[in-house]
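In the numbering used here, the protein residues as written are 283 to 395.
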């Protein structure tokens with residue numbers, strides 16, 4: 283029992299460290315590019331990053347369970363998020379789309395009860 287609690291604390295430490303590093307990188311990016319626009323050749327790849335990163339995170343969550351496959355509300359949530367990201371042409375909507383994906387996952391979890 284103590285080993286499980288110790289492992290859970292370690293996971294939160296890693297999550298907090300990664301979150302802090304992520305925020306530091308975002309802040310550094312804002313400070314570096316505040317007076318310089320992103321070059322034209324780099325704008326398209328940067329805009330496509332959410333579409334590349336999100337499926338990788340979902341695949342790790344779906345296929346990373348003891349070597350087997352676990353399909354639940356995350357798969358529907360991932361499908362909804364990817365569909366919205368592909369269909370909505372506006373920029374800077376990634377946060378809103380992620381919230382809608384979380385709502386889909388919560389709805390599936392609620393209906394599966």
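Just so it is clear, CB atoms sit at the ideal spot from N, CA and C, and this is done for glycine as well.
Quick one, which of 293, 360, 303, 330 has its alpha-carbon nearest residue 457's?
The chain is shown only over 283 to 395; residue 457 falls outside these bounds and no answer can be derived.
If you drop the 5 nearest sequence neighbours on each side, which residues of the same chain put their C-beta closer than 6 Å to that of residue 371?
Here the question's residue 371 lines up with position 89 in the chain shown. Excluding residues within five positions, none has a Cβ falling inside 6 Å.
Find the nearest neighbour of residue 358 within the set 369, 391, 327, judged by alpha-carbon distance.
By one-based count along the chain shown, residue 358 stands at place 76. Here the closest residue by C-alpha is 391.
Is residue 295 helix, strand or coil when you go by DSSP?
For the purposes of this step, residue 295 is taken as the residue at position 13 of the chain shown. If DSSP states are grouped into helix, strand and coil, residue 295 belongs with the helices.
Checking 8 Å against the spacing of the C-beta atoms, do residue 364 and residue 337 come in under that value?
Translated into positions along the chain shown, residue 364 becomes position 82. Translated into positions along the chain shown, residue 337 becomes position 55. Yes, the Cβ-Cβ distance between residue 364 and residue 337 is below 8 Å.
For the candidate residues 319, 314, 332, whose alpha-carbon lies nearest to that of residue 376?
Taking the first residue of the chain shown as position 1, residue 376 is located at position 94. Looking at the Cα atoms, 332 is the closest of the given residues.
If I follow the unbroken alpha helix (DSSP H) through residue 368, where does it start and stop?
The sequence position of residue 368 within the chain shown is 86, counting from 1. First-last of the alpha helix (DSSP H) with residue 368: 355-369.
Note down the Cα distance separating residue 355 from residue 339, rounded to an integer number of angstroms.
In the chain shown, residue 355 corresponds to position 73, counting from 1. In the chain shown, residue 339 corresponds to position 57, counting from 1. Answer to the nearest angstrom: the Cα atoms are 14 Å apart.
In this structure, how does DSSP classify residue 334 when only helix, strand and coil are distinguished?
Numbered from its first residue, the chain shown carries residue 334 at position 52. Correct three-state label for residue 334: helix.
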